[in-house]
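Position 458 of the sequence shown, counted from 1, bears residue number 851 in our numbering, the numbering being contiguous throughout.
Cβ atoms here follow ideal geometry from the backbone N, Cα and C, with glycine treated the same way.
These numbers come from a predicted model, not from an experiment.
Remarks on the structure that follows.
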Amino acid sequence: MVRSRDEIDSRYKWGVDEVYSIGELDQEIDDVRSLLEDVKDFSGGLSREENLEEFLDKYSRMERKLSTLSRYASMKSDEDTRDQEARALKSKVSSLSSKVSEETSFVKLEIQGIGKEKVEDMIESNDKIAERDYYLREFTRLKPYTRSLEVEKTVSSLSEVLDASSETYSMLSNADLTFPEINRDGEKTRITQANFTRLLKDGDENFREEVYESYYETLEGYENTIGTTFSKEVRTNIKMAEIRNYNSAREAALKPDNIPLDVYDNLVETVEDNLDVLHDHMKLKQEARNLDSVKMHDLYLPIPESNSPEVSYEKAKEYILEALQPLGERYVEKLREGLENRWVDVYETDGKRSGAYSGGSYDTRPFILMNYQKDIDSMYTLAHELGHSMHSELTSKNQPYLHSNYKIFVAEVASTVNEVLLTEYLLENIDDQEFGKHVLSHALENFRSTLFRQTMFADFEKKIHDKAESGEPMTAERASEIYADLKSDFYRPVEMDEHIRNEWMRIPHFYYNFYVFQYATGISAANQIAEIIQDEEPENYLKFLKSGGSAPPLELLRKAGVDMESKEPVETAIEHYSKRIEQMREQL
């Protein structure tokens, strides 16, 4: 039974209430409004060095305060999504954030108008401006893709409208879609978006098949609606790319983050050249579980037949702290301090948001929302989120605010390194053979779902947008055809069925605009970095973590010893996947 929040010991609840003292919240909102007026006064004057210096100071203070307000409001709402007061605060802060975004549209244009040469001169001559050098250089780099002030303000004001497809899909998927109840040993369980893949891990094949069939039969009843939201999302991406003078929607998604298209293409090409490793994994699953054939409803079935071992939260912390020793004493002690200092909201409670994330802001602790379930998956989720939190912690202690916002491309590396090190530690130090099998099974599933599955999603997104950009109408039926072709290539040893062609309909990340490939590049870079850390000192990796968003993502990763413009990191990850498959084969 899910407990109420009041029943949870304060040690297992994050210290979000300590962010603001009584009465301070309203004062912070007023401060943001006041600073916004100050910032607007600089409009038309940023070309003067003294003005630019003062502007950067006030703009940074405003954004820092707004960031903390936004994170606080979101976290309070996530504690209990039924809390009307928290939802009202979240809405109020969201409106303020939109107002700030719209009324500071002039900033980008003015800094670009100064000109690259003069910006460089000011960086050279003024130490305060030099502290934000990369932030300023990014404006000048993106000048060819910036429109007039009127257009920029219009685009900013349309942000909620442009998100309509995504919001509609989210409401349908999370609020309106109701899946059937199924019977398991006399107990009824309702299928949900949250528990679907967990139910597919069940050892009873008939039960898995019933879950799978029931889920997709319900989802497919909304094919026209989801087809419409998806096609409109694709058209929105294409139109926004055209408005900003990009050559494609994909370029519009990657170029602002300074990611070359070749990185995306290398990932897809390298993974698709090595599908035999994924196929080998599927064959091993068939042999280990004695299946006549592997069906789509078997993909989440763990290889070990034994029940997954219980891992308490306290034990998970112990394992993680030991596993991360290669990162050095200072990293581990800071992590230990955070775990004792209420960084983590540990357990599921009534009304709490599902899933997990690392939140917080530049001026707060890097808080973590968990719904810890005392199992191996939860232990790895905790390790993952702690990786994000330590990245944020080291960034905020070493970078000015305007260089603290690192890109997702590097964020997923910091989190996944922790997972790789945890796997290495557990396999080397835990004698329990069954526990080891479940650790290996988790690692194999992580490679399958993060490296191969996300790359398949990335290729699907590329193909969909390419066809739409060439003028082909994008219908649900056409999307299903494209998806089915990819699925059959990736999962050749697995028996196809009539439903799997519609799997794209259940993936919310297809509304995130070329986002998913970064999970696959993240696990690739992380495996190579973990290899480097174990062979050498961790100093270069720690420098990478401390660098935040102070340089282009690929340059930051080179500090850690990884070249994402080559195929080597992806090839290294695939080699690790193959190695784990052989280790599992030896264990059986």
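Compare the beta carbon distance of residue i and residue j with 9 Å and say whether it is the shorter of the two.
i: V737; j: I922; result: no
i: G829; j: L815; result: no
i: L795; j: L449; result: yes
i: N895; j: T965; result: no
i: S641; j: E862; result: yes
i: E741; j: R396; result: yes
i: P702; j: H831; result: yes
i: M849; j: K880; result: yes
i: V661; j: K855; result: yes
i: H892; j: E616; result: no
i: M772; j: Y693; result: no
i: D419; j: K688; result: no
i: V604; j: I584; result: yes
i: L592; j: I619; result: no
i: N839; j: E812; result: yes
i: F496; j: K433; result: As written in the sequence, residue 496 is Glu, which differs from the Phe given in the question. Yes, Cβ-Cβ distance for E496 and K433 is below 9 Å.
i: D669; j: R601; result: no
Mapping the DSSP letters down to three states, classify residue i as helix, strand or coil.
i: Y799; result: coil
i: N630; result: helix
i: E580; result: strand
i: L668; result: helix
i: Y773; result: helix
i: V737; result: strand
i: D768; result: coil
i: V810; result: helix
i: E920; result: What sits at residue 920 in the sequence shown is Asn, not Glu. Helix at N920.
i: E513; result: helix
i: K458; result: helix
i: T539; result: coil
i: I900; result: coil
i: E703; result: coil
i: Y908; result: coil
i: F853; result: helix
i: M867; result: coil
i: V493; result: helix
i: E964; result: helix
i: L677; result: helix
i: E929; result: coil
i: S414; result: coil
i: Y712; result: helix
i: Y639; result: coil
i: E472; result: helix
Quickly, what does DSSP pair residue i with across the bridge? List them, please.
i: R978; result: DSSP lists no partner for R978.
i: K688; result: E888
i: R396; result: T742
i: E574; result: R583
i: S881; result: According to DSSP, which records beta bridges pairwise, S881 is partnered with nothing at all.
i: S751; result: I761
Let me check understanding here. Comparing Cα to Cα, which of the options lies closest to residue i?
i: F802; options: D402, E443 and A944; result: A944
i: S797; options: S453, V425, E446 and E443; result: S453
i: E598; options: R577, T561 and A804; result: R577
i: E411; options: M898, D685 and L462; result: L462
i: P537; options: P649, E513 and S549; result: P649
i: M455; options: D431, D473 and L717; result: D431
i: S808; options: E924, F589 and G915; result: G915
i: G744; options: E961, S470, L647 and L692; result: S470
i: N638; options: S541, M675 and H690; result: S541
i: I631; options: R404, D669, E545 and D859; result: D859
i: V512; options: V963, T497, L732 and F532; result: F532
i: V955; options: E421, I925 and L981; result: I925
i: S563; options: P931, N933, H969 and I900; result: I900
i: A776; options: L551, V739 and A913; result: V739
i: D825; options: P866, S699, E722 and N839; result: S699
i: I857; options: L844, G506, S873 and E827; result: S873
i: Q980; options: F853, A877, Q847 and P697; result: P697
i: E543; options: E932, L732, L502 and N659; result: L502
Mind checking if residue i is an interface residue toward chain B, Cβ cutoff 9 Å exclusive?
i: E411; result: Of the protein chains in this structure there is only one, and it is not chain B.
The ligand HEM and residue i: does the residue's C-beta get closer than 8 Å to at least one heavy atom of that ligand?
i: I922; result: Within the structure as shown, the ligand HEM is missing, as the structure has no ligands at all.
Meets three-Cβ-pair contact criterion under 8 Å: the segment 939-956 and the segment 890-906: Flag = no, the segment 939-956 and the segment 890-906 do not touch.
Does the contact criterion of 3 or more C-beta pairs under 8 Å hold for the segment 763-782 versus the segment 437-451? With a cut-off of 8 Å, the segment 437-451 and the segment 763-782 do not count as touching, because too few Cβ pairs lie within range.
The segment 934-941 touching the segment 877-886, judged by at least three CB pairs closer than 8 Å: Too few Cβ pairs lie closer than 8 Å, so no.
Would you call the segment 747-754 in contact with the segment 775-782, where contact means no fewer than 3 C-beta pairs closer than 8 Å? Yes: at least three Cβ pairs fall under 8 Å.
Any chance the segment 403-423 sits against the segment 753-762, with 3 or more Cβ pairs inside 8 Å? Because the criterion of three Cβ pairs below 8 Å is met, the segment 403-423 and the segment 753-762 touch.
Would the segment 619-629 and the segment 554-569 be scored as touching if the rule is three or more Cβ pairs under 8 Å? The segment 619-629 makes contact with the segment 554-569; the number of CB pairs closer than 8 Å reaches 3 or more.
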